[in-house]
Structure formats: structure tokens, C-alpha cells
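In what follows, a single structure is set out as C-alpha cells and then discussed.
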Amino acid sequence: MKRIIKLSFIFIMLGIISFTTQCGTQYIGGDRNEKWKKDLNYLKEALPRKHPDLFFEIKEDEFYGKIDDLKNSVNNLNDDEICAGICEVVASIGDAHTKANINYTKRYPLEFYYFNKDIYLINTTNEYKQVLNCKLTKVNNLDINKVEKLLEPLIAHENEANIKKTLPSFFSRPDILHGKGIIDDIANVNFTFQNSEGKEFNLNVKPLDVEK
69 MKRIIKLSFI FIMLGIISFT TQCGTQYIGG DRNEKWKKDL NYLKEALPRK
119 HPDLFFEIKE DEFYGKIDDL KNSVNNLNDD EICAGICEVV ASIGDAHTKA
169 NINYTKRYPL EFYYFNKDIY LINTTNEYKQ VLNCKLTKVN NLDINKVEKL
219 LEPLIAHENE ANIKKTLPSF FSRPDILHGK GIIDDIANVN FTFQNSEGKE
269 FNLNVKPLDV EK
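Take the sequence shown: its letter number 68 is residue 136 in this note's numbering, and every next letter is one higher.
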């Protein structure tokens, strides 16, 4: 297992391979918490050095403060929560071309898309085809609007189009939903859909392994 942070001039890639709640690291030595703190220190030092104009939108002390806050919380967070926190820190820069990409090993077999302001299921497996083309209204009984508000800060964006392009994919990501506290158990999540007649259906969905 290996976590790799790759930086270029205006792009950051954070690759994380996770199995259950354990994550490997590029650093040798130290316990799990210490490794995460070393990674965050590297992010703190390298991103301002590699980005041509990191503080065009966010103030320098605010950026460093966000990383320090996350680093000080590592002991009390699970790996998915830390990954979500890193995504939020990088997204706060306000540059749609600078983002954290997290490798993942599980996903729900659901593909969503925005039509106007609503999110619809546009592709799935035969097991869940009864809700194909239905509108998503809740995740684990949490209203979809509240879920969107929780997920939006993870998205590096400069306009609403950037959000609408990326956010639907997050509903298929157990690690992201778990990292934001939307679900407690990645193996047991309930999606609520509404058909064209306004009837709602609850659907329990299990994740599949991601093919690499």
C-alpha cells in the first residue's frame, strides 16, 4: 500500500490506496498519525513552492491555518475524513486546475448526472435498474440539498459548472461519503429515489471493487 503526493506547477495529485481503514504512506517510520502529519507538512511546503500563484484567492495565513487545523485533528479522524479534509484544503485555493485526486478501491454501481438543478441516475447494473432515470432525493435519509452542501467544499472550482461536472460522481464514492460523515458503513448505504410520478423508492446499495 502506498500513498503518493505528486505536484506540478498548477496541479496536485494525491493518490491514496486504502484497504478498510488502513492507508500506506510514502514515509517510513512513525505510527499512522505521524505519517499523516508528515504528508500534511509536505503538502504545506510543496504546494506553495510548485504553484505559480497559490495565494491569488486565499490568504496565505488562512491556507496554512487550514492545514495546521487538519494536522492537529489527525488523531481523532479516520483516513477517509483526513482525505476529505485534504480535498477541502486544496479546493479552498479557488483554482479549478489544482485539486486532490484520491485513488479508491470501492464504488457504488451508480452513475449520476445533473439535469437543471436535480440529480438523476443515468446508468446502473441490472440489480438496481428499477430506479434508472429516477431523481435522487436522499442519501441515508439525509436530504439531497444538505448532502450537496457537505460535498461542494471538496470540489476545486471557479464556477457552478465545475461543481455540476464533478459532484454527481461523489455519490458513487463510499470513501467520500464516509469521509464527510454522510454514511457510517460503506457496505450499507440507502439511496432514496423519486420517479416521474413523484413516488419515492428506498434502495440499499452495496459497493463493488474498482477494476484497475
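Heads up, the beta-carbon is just placed ideally off N, CA and C, and yes, glycines get one too.
Taking the Cα of Asn184 as reference, the smallest distance to any Cα among Phe123, Lys232, Glu130 and His246 is reached at Lys232. With 16 or more neighbouring CB atoms inside 10 Å of its own CB, Phe261 falls in the buried class. Non-local C-beta neighbours of Ala164 in its own chain, meaning closer than 7 Å and more than five positions away in sequence, comprise Ala224, His225, Glu226 and Asn230, ordered along the chain. Leu111 and Leu122 do not touch by the CB rule: their CB atoms are close to 12 Å apart, not below 8 Å. Counting only residues of its own chain and dropping the five nearest sequence neighbours on each side, Glu156 has a CB closer than 6 Å to the CB of Pro221 and Leu222. For Thr193, there is no enclosing alpha helix (DSSP H), as DSSP marks it with neither H nor E. Of Val207, Asn191, Glu228 and Glu102, the smallest CA-CA separation from Ser141 is found for Glu102. Just so you know, the alpha carbons of Val158 and Leu200 end up roughly 34 Å apart. Only exposed fits Asp253, as fewer than 16 other CB atoms lie within 10 angstroms of its CB.
Taking the CA atoms as reference points, Glu265 sits about 45 Å from Lys134. Distances from the alpha-carbon of Asn171 to those of Asn256, Asp186 and Asp148 put Asp148 closest.
Of the candidates His246, Asn208, Cys202 and Ile251, His246 places its Cα closest to the Cα of Ala152.
In this structure, Tyr188 keeps its C-beta atom at 8 Å or more from the C-beta atom of Leu178.
Here Lys174 really is in contact with Pro275; their C-beta atoms are around 4 Å apart, less than 8 Å. Lys274 carries a coil assignment under DSSP once its states are collapsed to helix, strand and coil. Counting the other CB atoms within 10 Å of its CB gives Pro120 a total below 16, which places it among the exposed residues.
Secondary structure at Leu219: helix, using DSSP grouped into helix, strand and coil. For Ile244, the closest C-alpha among the options Asn272, Ile126, Val207 and Asp211 is that of Val207.
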